[in-house]
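Chains as they are written, first to last, in my numbering: chain A, 1 to 560; chain B, 1 to 107.
Think of the CB as a built atom: it goes at the ideal place given N, C-alpha and C, for glycine as much as any other residue.
Notes follow once the structure below has been shown.
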């Protein structure tokens, strides 16, 4: 069978599995719809969190990005894993003990204020919509790469699949499809990785081949011969301070992203929340420690097999011809010497690579069967669909639960709330699909926006809400707004209006770290200058810190 | 009063554990992988410079270990403080708060 037939076959098979699981997990009440009845075992929640977390970008683009950045690509590796330590130690157990439905729920109850809840709702929707629009685009791109359908058609197919299991199954349906999607994506990522590692280093475990083989040394040699910085050379693309700020912003942003936090509301108890964070990071780490190995291998292999070859020699490589046709790989003999050369200078460089090709071409470079190539496509789809569904549920719950039920109509019946929840998932899917087809400019800056804003708005008020009883609503609202406004101003100024990176050259991606510090300082300062929170809120904080199972906060906060 | 103390002791022990683990977190990521990466690169691990390896592999392994260490240590802490009278006391405590809520909800 050809690659296309295998891809269609596997894609249809996986979609059938997801919709079947969605149907089996259909729910009839809001607790099931928003937090999966709090019945998800910790390992399953770990796998679901990992799939929720790892998007099409992690799956397809990250290794490519690292292979072009070398050491400096570590910002993504550490930034997108280190945040789980913060999440596990500072947030997950306490938010689970709090035991409500959403992140704005905690903010609104802890800070006894619908203004705080409203600010949190706006931040949650903006962060998640930016993020999900990119995911829908990712679904469309994967379809178009592998099945030669237009990106728009791909987006629509993705919307229909996600709509089915998210509307029927809510969080419960999403959780169990994400567990399945994790299995699909990790198998799809590892098989080609094992093969290419065995091919280049004689060790099929990529992490070991990368560390103990001689590929990195040879790659450093190749890079310096061609005039590039050595692959392992730190700060070749970004100065040390910027690397530091971006890494911290990504870590803290990870811990503040609503679609990640809310996953820890779905486990049965505090203890499960702690272990679940460990499982989640372990499952993520399997991909995140493989990615830098693939990045190094692929970079070495591409330079080795393409540099200084004649166009005719390159034509003989099947994968080079195939990816040349898609436009991801292009050659131009600018110097006219009959050979193709990699150079650091764009004016003389003769081989242009799209970063996505690193992962996409791996199975073909390693001469694996069409089945594996198709599996990689289905893995990419699983990564994009799982992340999109988790985000859509956050948008839906922010509108249906926090805005509609907690602010607009607290008297709404259970059935009505569930209905509004389902309608809002559908609505969010349509909006996300629209942005996926017509991506607005800000979607390309999703890393800066989503992580920077999550770091600058949620993280400080969540941590202080648990660890500082004295933090009150005045402090939290002032802190969230100042963090958000400053970070938005800097990102928009730098990205869209050509503003200088006047804060010590920190890029838009890293400014969330400063936004977070501003939020912390403003929240602590304003809290000390205004009256302490009411006694029942201080009791609620004391209760959140106590891991014993009775959910005391629910009765308490309904009255606030 | 005794209950109050045991609860405070539990929270203090929890905070101390969090602080220690976060120090390790900062050491492997911020210090070894970024601020000190250049000096550490003069050492080799297998075929790669050590600082580079910490940034792309080692720090991630340490992160995973840190989270499981926290979960396991907290299990021990929970058991330690659950002995004695904490659970019984927590129930009494719950009633008081619920009473308070009930009072507050009255018109």
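Among the options, nearest to residue i - alpha-carbon criterion
i             : options                       : result
residue 406/A : 5/A, 113/A and 495/A          : 113/A
residue 332/A : 448/A, 310/A and 318/A        : 310/A
residue 337/A : 307/A, 454/A and 222/A        : 307/A
residue 312/A : 339/A, 323/A and 335/A        : 339/A
residue 155/A : 434/A, 498/A, 537/A and 499/A : 434/A
residue 161/A : 437/A, 77/A and 429/A         : 429/A
residue 382/A : 5/A, 16/A, 3/A and 109/A      : 16/A
residue 58/A  : 320/A, 287/A and 207/A        : 287/A
residue 366/A : 118/A, 201/A, 24/A and 40/A   : 201/A
residue 485/A : 118/A, 123/A, 94/A and 12/A   : 123/A
residue 226/A : 541/A, 418/A, 172/A and 345/A : 345/A
residue 488/A : 298/A, 220/A and 457/A        : 457/A
residue 103/A : 265/A, 191/A and 516/A        : 265/A
residue 402/A : 100/A, 13/A, 61/A and 26/A    : 100/A
Nearest-angstrom beta carbon gap, residue j and residue i [assumed within contact, 8 Å]
i             : j             : result
residue 7/A   : residue 147/A : 6 Å
residue 81/A  : residue 249/A : That belief does not hold up - the Cβ atoms of residue 81/A and residue 249/A are roughly 14 Å apart, past 8 Å.
residue 478/A : residue 490/A : Contact doesn't hold; Cβ gap of about 18 Å is too wide.
residue 236/A : residue 70/A  : 6 Å
residue 296/A : residue 83/A  : 24 Å between Cβ atoms; not a contact.
residue 422/A : residue 167/A : 5 Å
residue 63/A  : residue 358/A : 5 Å
residue 293/A : residue 206/A : 4 Å
residue 455/A : residue 523/A : 14 Å between Cβ atoms; not a contact.
residue 474/A : residue 413/A : The pair is not a contact, with the Cβ atoms about 34 Å apart (cut-off 8 Å).
Proximity test, Cβ basis, 8 Å: residue i and chain B
i             : result
residue 207/A : yes
residue 214/A : yes
residue 96/A  : no
residue 562/A : The requested residue 562/A does not occur in the structure, where chain A is confined to residues 1 to 560.
residue 546/A : yes
residue 127/A : no
residue 516/A : no
residue 561/A : Lying outside 1 to 560, the shown extent of chain A, residue 561/A is not represented and no answer is given.
residue 82/A  : yes
residue 224/A : no
residue 77/A  : yes
residue 232/A : yes
residue 12/A  : no
residue 292/A : yes
residue 424/A : no
residue 464/A : no
residue 149/A : no
residue 414/A : no
residue 541/A : no
residue 85/A  : yes
Beta-carbon gap between residue i and residue j smaller than 8 Å
i             : j             : result
residue 384/A : residue 142/A : yes
residue 34/A  : residue 397/A : yes
residue 1/A   : residue 363/A : no
residue 234/A : residue 51/B  : yes
residue 65/A  : residue 355/A : yes
residue 511/A : residue 504/A : no
residue 247/A : residue 60/B  : no
residue 450/A : residue 175/A : no
residue 70/B  : residue 195/A : no
residue 64/B  : residue 285/A : yes
residue 198/A : residue 379/A : no
residue 377/A : residue 290/A : no
residue 62/B  : residue 28/B  : yes
residue 132/A : residue 391/A : yes
residue 452/A : residue 515/A : yes
residue 277/A : residue 182/A : no
Cβ of residue i within 8 Å of any chain A Cβ
i            : result
residue 71/B : yes
residue 85/B : Its pLDDT being 43, under 50, residue 85/B is placed unreliably in this model, and the coordinates cannot settle the point.
residue 41/B : yes
residue 76/B : no
residue 68/B : yes
residue 7/B  : yes
Contact with chain D by residue i, beta-carbon distance below 8 Å
i             : result
residue 134/A : This model lacks chain D altogether; the protein chains it does include are A and B.
Proximity test, residue i beta-carbon vs the ligand ADP heavy atom, cut-off 7 Å
i             : result
residue 513/A : You won't find the ligand ADP in this model; it holds no ligand whatsoever.
Item to complete: Check each residue of the stretch 265 to 289 of chain A: if its Cβ is closer than 8 Å to any Cβ of chain B, include it; give the result in chain order.
Response: 271, 274, 275, 277, 278, 281, 282, 285, 288 and 289
Item to complete: Give, in chain order, every residue of the stretch 49 to 66 of chain B whose Cβ lies closer than 8 Å to some Cβ of chain A.
Response: 49, 51, 52, 53, 55, 56, 57, 59, 60, 61, 63, 64 and 66
Practice prompt. Would you list, in chain order, the members of the stretch 323 to 341 of chain A that have their beta-carbon closer than 7 Å to a beta-carbon of chain B?
Written response: none
Practice prompt. Compile a chain-ordered list of the residues in the stretch 59 to 75 of chain A whose CB is closer than 7 Å to at least one CB of chain B.
Written response: 71 and 74
Item to complete: Give, in chain order, every residue of the stretch 21 to 37 of chain B whose Cβ lies closer than 8 Å to some Cβ of chain A.
Response: 21, 22, 25, 29, 30, 33, 34, 35 and 37
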